[in-house]
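From first to last, the protein sequence lines stand for chains A and B.
So the first sequence is numbered by the working numbering: it starts at 1442 and just counts up by one.
So the second sequence is numbered by the working numbering: it starts at 1442 and just counts up by one.
Down below is the structure, laid out as structure tokens.
Number of protein chains: 2
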Amino acid sequence: MTSEFELIRRFFSRPSAKAVLGVGHDCALLQPPAGMQYAISTDMLVAGRHFVADSDPEKLGCKSLAVNLSDLAAAGADPAYALLAIALPAVDETWLEGFSRGFFSMAERFGVDLVGGDTTRGPLTISVTVIGHVPAGLALRRDGAQPGNDVWLSGQTGEAALALAHRAGRAQLPPEHLALCQARLDTPEPRVQLGRRLRGLASSAIDVSDGLAADLGHIAEASTLSLHIDVGALPRSAAVLACTDEGLALECLAAGGDDYELAFTAPAQRRRDIEALSRELGLALTRIGSAAAGPGEVILRDARGAPVVLPRAGFDHFA
Amino acid sequence: MTSEFELIRRFFSRPSAKAVLGVGHDCALLQPPAGMQYAISTDMLVAGRHFVADSDPEKLGCKSLAVNLSDLAAAGADPAYALLAIALPAVDETWLEGFSRGFFSMAERFGVDLVGGDTTRGPLTISVTVIGHVPAGLALRRDGAQPGNDVWLSGQTGEAALALAHRAGRAQLPPEHLALCQARLDTPEPRVQLGRRLRGLASSAIDVSDGLAADLGHIAEASTLSLHIDVGALPRSAAVLACTDEGLALECLAAGGDDYELAFTAPAQRRRDIEALSRELGLALTRIGSAAAGPGEVILRDARGAPVVLPRAGFDHFA
């Protein structure tokens, strides 16, 4: 019988170039670079809740790190380390081989060393903690938005939610759109490069994981102002454009989860810098609204200025 | 319906005195003190595996942090921060209130700030990441034991395993022993003070969570030497002394899990320092064997020098 320690050794032990002491000890030891702060975040993915139990393990390995890297991106941090705690119903070497391949492919792309973890038997659950470096005082936060700032969004929202709507029978996507939407759901791309380049440029930032309106709500609340969003300005992918149910399209755009784009605010005089950054990164950055004095709320308006009410505000695991 | 964000706010948001930015953001921001390294570790507890689903939530809150603090103790680190990811089958405010009370009571005792986390719906699973400070180069490790070193053990092992044996019908404990053993299982005491005082004194250390022999095996392997353990020298609590099944007593002492004592090695010339430390901390520190050149193994011998073979080597979640 394969033991826990053999599992760790076989699938999850790779030497760390950066850590003083890496995986396979009681603790990893990290030496912070001079002038840097650590940004740290944790996310838990549960089978049947965040993914279907028979998900492709390699894609799941990618995604379980990607959703955490998205939090580092939102802080403008450079990814450095990860810890992985995983509960598995049984030892399944094929699954573990695929999962670790996906996890490490994402780790290598973003310079992340796996420095610790835990494996146990239990309902399939994946808990990842990530640590990044950010120059002291330069981290992006939720509480820095100012009245008059523009509100920006990277990429496009809604495709992951559209894939879920298709699965639930609420939408009928043609195969080419379904493939794109499913890929957005299964293999999200954390906006790490964008996040680090927004240091000193954005006044606040957040990653869009629970739905655009809900996540912007955290900025509005933390910064104590109102964010006015022009729903007509929200960028639409081909799949969302082809959606004939406008209510569903709006729900996916503004309240669908699992997008892992960055929403951020910036002074209006930085528009050219942000447009230049968009070209340099080859990543759409779209101005979708503006911040104004207000009580900490998000106000969505259509092209005629009429308020838009969403059927649901955003993803909440207990709602 | 209580939302995820309200849950976090109500039960898990306390201001952090140490962190630049604490709970309730994409990332926490930590400013490392000068000259310090970070020790970091993660542990996952699963209902039905590490605890029974109807465990007292306050004790479970204590234990879920304590088992992680034990890893910091083994590294000689000063606890500083924790992140908590938790999956719950449903919102249960009474349970959450109790759990958070237990978690924070342990956090306050050991100076730990909760700086991040995640809550989601799912089979009851608790994943904690802890971070501590340790002066650069002084962390306790597994790979520093030297031939000729003494092997030491704090406190006593076996009581938690004896409580489990009682529950499984393998032992019949009188009520007063059962209460003590159950308390050791439910509310372990991480040896944080001992760990930090062993910096510069112990040559290697590990926390005894998977069973003494198995955990000493990690030191033997990492240090590439043999550890000779005198089974007769293992300290026995009243409950273990009263156990009439000597095979079971030995199994609990040397292979039972969930002890959270520290096992460590130190040069023989430091015996007086360690004995003085024991008196100062009011914590038994017992010399249980010695290290010698060898292939990386643990050899248990009884009082007559005969090899002792354990029925099982230690706790392994997949064995």
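We put the CB at the ideal spot given by N, CA and C, even for glycine.
Distance, residue j Cα to residue i Cα
i, j, result
"M1442/B", "I1567/A", "Any reading at M1442/B must be qualified, since the residue scores a pLDDT of 44, below 50, and its modelled position is unreliable; the value itself is stated next. So the alpha carbons of these two residues sit roughly 26 Å apart."
"Y1522/B", "R1638/B", "20 Å"
"A1717/A", "R1677/A", "21 Å"
"G1652/A", "E1662/A", "16 Å"
"A1680/A", "A1732/A", "29 Å"
"F1453/B", "L1513/A", "21 Å"
"R1728/A", "W1593/A", "4 Å"
"A1548/A", "R1625/A", "19 Å"
"A1609/B", "H1466/A", "31 Å"
"G1698/A", "L1603/A", "10 Å"
"Q1597/A", "A1643/A", "19 Å"
"H1694/A", "D1519/B", "Note on residue identity: the sequence assigns Leu, not His, to residue 1694/A. So the two alpha carbons sit approximately 46 Å from each other."
"A1606/B", "E1447/A", "27 Å"
"T1560/A", "S1457/A", "19 Å"
"L1720/A", "D1700/A", "The sequence as given places Arg at residue 1720/A; Leu does not occur at that position. Computed Cα separation, rounded: 21 Å."
"Q1587/A", "G1578/A", "18 Å"
Proximal chain B residues relative to residue i, where beta-carbon distance stays under 9 Å
i, result
"A1480/A", "L1462, D1467, C1468, A1469, L1470 and L1471"
"R1583/A", "G1465, H1466 and D1467"
Per-residue contacts from residue i into chain A (C-beta, under 7 Å)
i, result
"T1570/B", "T1483, L1524 and T1570"
"I1647/B", "D1467"
"A1747/B", "None at all; the shortest Cβ gap to chain A is about 27 Å."
"A1528/B", "M1485, V1487 and T1566"
Residue from the options with nearest C-alpha to residue i
i, options, result
"A1475/A", "L1653/A, P1576/A, D1495/A and A1717/A", "P1576/A"
"G1538/A", "D1519/A, R1450/A, G1737/A and V1553/A", "The sequence shown places Glu at residue 1538/A, rather than the Gly named in the question. Considering only alpha carbons, the answer is R1450/A."
"G1765/B", "V1749/A, A1734/A and G1489/A", "Lying before the first or after the last residue shown, residue 1765/B is absent from chain B, which here runs from 1442 to 1760."
"E1464/A", "D1512/A, A1526/A and E1499/A", "According to the sequence shown, residue 1464/A is Val rather than Glu. The option with the nearest alpha carbon to V1464/A is A1526/A."
"A1655/A", "C1684/A, W1536/A and I1670/A", "I1670/A"
"A1601/A", "E1692/A, D1686/A and E1721/A", "E1692/A"
"L1741/A", "A1680/A, C1468/A and G1673/A", "G1673/A"
"K1459/A", "C1468/A, P1473/A and L1448/A", "P1473/A"
"D1627/B", "G1730/B, D1495/B and L1471/B", "D1495/B"
"H1659/B", "G1737/B, F1492/B and P1588/B", "G1737/B"
"K1504/B", "F1540/B, P1588/B and A1704/B", "F1540/B"
"R1582/B", "A1704/B, T1560/B, Q1613/B and V1739/B", "A1704/B"
"L1471/B", "A1469/A, C1468/A and M1477/A", "M1477/A"
"G1558/A", "R1455/A, A1734/A and R1550/A", "R1455/A"
"S1645/A", "L1619/A, P1748/A and P1708/A", "P1708/A"
"N1590/B", "R1711/B, P1748/B, P1498/B and D1533/B", "R1711/B"
"V1461/A", "D1484/B, A1516/B, V1508/B and L1462/B", "A1516/B"
"V1750/B", "L1614/B, D1714/B, L1726/B and E1687/B", "E1687/B"
"A1683/A", "D1554/A, P1615/A, R1542/A and S1595/A", "P1615/A"
"D1484/A", "P1498/A, E1499/A, V1508/A and D1497/A", "V1508/A"
Assumed close pair residue i, residue j - CB separation to whole angstroms, cut-off 8 Å
i, j, result
"T1570/B", "L1524/A", "6 Å"
"V1441/A", "L1510/A", "Because chain A spans 1442 through 1760 in this model, residue 1441/A falls outside it and cannot be assessed."
"L1657/A", "L1668/A", "5 Å"
"L1506/B", "F1492/B", "Not a contact, Cβ separation roughly 14 Å."
"L1724/A", "S1595/A", "6 Å"
Collapsed DSSP secondary structure at residue i in the structure displayed
i, result
"F1452/A", "helix"
"P1498/B", "helix"
"A1518/A", "coil"
"S1482/A", "strand"
"P1576/A", "strand"
"A1732/B", "strand"
"L1513/A", "helix"
"V1493/B", "coil"
"V1592/A", "strand"
"V1464/A", "coil"
"S1678/B", "coil"
"T1535/A", "helix"
"A1523/B", "strand"
"G1688/B", "helix"
"F1551/B", "coil"
"P1473/B", "coil"
"R1745/A", "coil"
"S1644/A", "coil"
Interface partners of residue i on chain A, CB under 9 Å
i, result
"T1598/B", "Within 9 Å Cβ-Cβ: nothing; T1598/B doesn't reach chain A, min ~17 Å."
"L1513/B", "D1467 and C1468"
Contact test: residue i Cβ vs the ligand ZN heavy atom, cutoff 6 Å
i, result
"I1567/B", "This structure lacks the ligand ZN, and indeed carries no ligand of any kind."
Within chain B, the residues that residue i reaches when beta carbons sit closer than 7 Å
i, result
"T1561/A", "M1485, V1487, R1490 and H1758"
"G1558/A", "T1483"
"A1458/A", "Within chain B, no residue comes near A1458/A; the closest Cβ sits about 16 Å away, beyond 7 Å."
Closer than 9 Å at the beta carbon, the chain D residues around residue i
i, result
"P1520/A", "Among the protein chains in the structure shown, which are A and B, there is no chain D."
Residue i: contacting residues in chain A (beta-carbon distance under 8 Å)
i, result
"P1564/B", "V1487, G1563, P1564 and T1566"
"A1516/B", "H1466, D1467, C1468 and L1470"
Contact list for residue i against chain B, beta-carbon separation under 8 Å
i, result
"A1624/A", "Here the premise fails: no neighbours, minimum Cβ distance about 24 Å."
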